[in-house]
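**Student:** By numbering that gives the first Met the number 0, the letter at position 216 of the sequence shown is numbered 215, and the numbering carries on one by one without gaps.
I'd like to ask some things about the structure below.
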Amino acid sequence: MRDFVYDQLASRVVFGAGAFDKLAAEVDRLGLSKLLVLSTPGQVKLAEEAARRLGARAGGLYPHAKMHVPIETAQAARAEARRLGADGAVAIGGGSTIGLGKAIALESGLPIVAIPTTYAGSEMTPIYGLTEGGAKKTGRDAKVLPRTVIYDPLLTLGLPAKISGPSGMNAIAHCVEALYAENANPVLSLMAEEGIRTLARSLPRIAADLGDLDARGDALYGAWLAGISLGAVGMALHHKLCHTLGGSFNLPHAETHTIVLPHAAAYNSEAAPEAMRRIAHALGGKEAATGLYDLAAAIGAPLALKEIGFQKQDLDQAAEIATRNPYYNPRPVSRDGIRRLLDDAFHGRRPG
Ligand code: NAD
């Protein structure tokens, strides 16, 4: 066994169907009395429901979260928290809303209670992102890690098929890269493998029946494991490519992850044989890259970058941006290799 370092990130997790009912008790446990409730405009009803459960502890609502946390949105939410004299925030929604909570915490240190309703995993990480002048900057800061996370699968029953599948594949991507991370460790690898197994089993059941509460619970549990994986170890080629495609070409986050993942796994397959063996095992015995592709196909998720608005003439530029700065990857990153990978992802070819 190789030497390792394992950082345990400290947050409290309350998991279960109906866990949303424990919001007020969890806020009391943190000693908070005036919370700003955050959501996207589309989830304002849920934010109002959170405020109702908070009762007198609800200081106000800010239902204006946007994808990739534009700096203007972050500044307006920070100003609202200051105006109210809030001593904490509740972020209820997907990665965009939780990202807005992190932007508030980054500046003020206010504690965040996160109630995730997608499988993106941001709630378990100290990673924040802010978009300014068209460029998204990410960083790590322990302040932004939510103090308490409430996972309630009942809140995910309304997540439509077109978000559920890609969001679940986004979570699987965190687990895949955790297994071959430069600072991988045996404890985290157990969680990452279990995350893939749980999501690979539950996502097809969700695609068949969006209201399958048992499958929704399994997927949310897998998403939690995936979020821990993302927060605890460094990511590699796959996340770098998706960051490039999302940031520079404005592609949707979870769909981009879904499409690129099988090709990133194929690229790394010979350089990370033990990780691939574990991924394959978690997928039920299929070879890792084709198994990931087949899973995405089985749940009706997009398979080709050309389906989500990427233009063929941008392939060279994407390969150039993604290979401009060196970063860790099990297999050395070459411009030609990445150009071929992106071409496969553009056309949606099945690996192998
Ligand atoms: P999202 O938060 O943008 O949500 C997508 C849409 O789905 C939104 O309109 C939202 O209101 C809606 N939605 C969410 N839950 C729903 C539900 N249960 N029912 C109905 N509609 C629902 O998407 P996401 O994929 O969760 O998050 C993506 C963002 O999170 C990206 O900006 C990404 O960079 C970031 N992210 C950050 C981290 C991190 O560690 N910092 C990790 C993962 C993702």
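The beta-carbon is built from N, C-alpha and C at its ideal position, and this holds for glycine as well.
Can you name, in chain order, every residue of its own chain whose Cβ lies under 7 angstroms from the Cβ of F345, other than the five neighbours on each side?
**Tutor:** A303, L304, K305, F309, K311, L314
**Student:** How many angstroms separate the CA atom of L236 from the CA atom of V43?
**Tutor:** 36 angstroms
**Student:** Measure the Cβ-Cβ separation of E122 and I97 and say whether it is below 8 angstroms.
**Tutor:** Yes, these two residues count as a Cβ contact at 8 angstroms.
**Student:** Counting pairs of beta carbons, one from the region 54 to 67 and one from the region 33 to 43, are three or more of them closer than 8 angstroms?
**Tutor:** yes
**Student:** Would you mind working out which of H242, G210, S201 sits nearest L294, comparing C-alpha positions?
**Tutor:** S201
**Student:** Looking at A281 and N169, is the spacing between their C-beta atoms short of 8 angstroms?
**Tutor:** No, the pair does not count as a contact, with Cβ atoms beyond the cut-off.
**Student:** May I have a chain-ordered list of the beta strand (DSSP E) segments no shorter than 3 residues that lie completely inside the region 130 to 179?
**Tutor:** 134 to 139, 147 to 150
**Student:** Measure how close the beta-carbons of G128 and H67 come, nearest whole angstrom, since I'm counting them as under 8 angstroms.
**Tutor:** 6 angstroms
**Student:** Hey, quick one: how far does the beta strand (DSSP E) through A287 stretch, first residue to last?
**Tutor:** Per DSSP, A287 belongs to no beta strand (DSSP E); it is in the alpha helix (DSSP H), 287 to 297.
**Student:** For G120 and S228, what's the separation of their Cα atoms in angstroms?
**Tutor:** 9 angstroms
**Student:** Going by the CB atoms, is the gap between L105 and C174 shorter than 8 angstroms?
**Tutor:** Judged by their CB atoms, C174 and L105 are not nearer to each other than the 8 angstroms cut-off.
**Student:** How is the alpha helix (DSSP H) around P185 delimited, first residue to last?
**Tutor:** 185 to 207
**Student:** Buried or exposed for L8, please, with buried defined as at least 16 other CB atoms from any protein chain shown within 10 angstroms of its CB.
**Tutor:** exposed
**Student:** Mind checking whether I111 and A49 have CB atoms under 8 angstroms apart?
**Tutor:** no
**Student:** Whose CA, out of S32, E286, H262, lies closest to the CA of L340?
**Tutor:** H262
**Student:** Which parts of the region 83 to 135 are runs of the beta strand (DSSP E), unbroken and 3 residues or longer, counting only runs that do not cross its ends?
**Tutor:** 87 to 92, 111 to 115, 126 to 131
**Student:** Is the CB of A177 under 8 angstroms away from at least one CB in chain C?
**Tutor:** Judged by its chain identifiers, the structure shown contains no chain C, having just a single protein chain.
**Student:** Counting only runs of 3+ residues fully inside the region 11 to 60, write out the beta strand (DSSP E) ranges in chain order.
**Tutor:** Entirely contained in the region 11 to 60, the beta strand (DSSP E) runs reaching 3 residues are, in chain order, 11 to 14, 34 to 37.
**Student:** With a threshold of 7 angstroms, establish whether the CB of N249 neighbours any heavy atom of the ligand NAD.
**Tutor:** Judged by the Cβ position, N249 fails to qualify as a neighbour of the ligand NAD at the 7 angstroms threshold, every heavy atom of the ligand being at least this far.
**Student:** How far does the alpha helix (DSSP H) with Q316 in it extend, from its first residue to its last?
**Tutor:** 314 to 321
**Student:** For P69, which three-state DSSP category applies?
**Tutor:** strand
**Student:** Which term fits A271, buried or exposed, when burial requires 16 or more other beta carbons within 10 angstroms of its beta carbon?
**Tutor:** buried
**Student:** Do L109 and A85 have their C-beta atoms closer together than 8 angstroms?
**Tutor:** yes
**Student:** Going along the chain, which unbroken runs of the alpha helix (DSSP H) with 4 or more residues stay wholly within the region 226 to 306?
**Tutor:** Entirely contained in the region 226 to 306, the alpha helix (DSSP H) runs reaching 4 residues are, in chain order, 236 to 248, 252 to 267, 272 to 281, 287 to 297.
**Student:** For the region 146 to 161 against the region 1 to 19, do three or more pairs of beta-carbon atoms, one drawn from each stretch, fall closer than 8 angstroms, so that the two count as touching?
**Tutor:** yes
**Student:** Going by the CB atoms, is the gap between Y327 and E181 shorter than 8 angstroms?
**Tutor:** Yes, they are a contact pair.
**Student:** Say the cut is 7 angstroms; is the CB of H252 nearer than that to a heavy atom of the ligand NAD?
**Tutor:** yes
**Student:** Please return the same chain residues whose Cβ sits closer than 7 angstroms to the Cβ of A73, not counting the five positions on each side in sequence.
**Tutor:** Counting only Cβ-Cβ distances below 7 angstroms, and skipping sequence neighbours, we find L99, A102, L129.
**Student:** Return the first residue and the last residue of the alpha helix (DSSP H) that H346 is part of.
**Tutor:** 334 to 346
**Student:** So, is V186 buried or exposed, given that buried needs 16 or more other C-beta atoms within 10 angstroms?
**Tutor:** exposed
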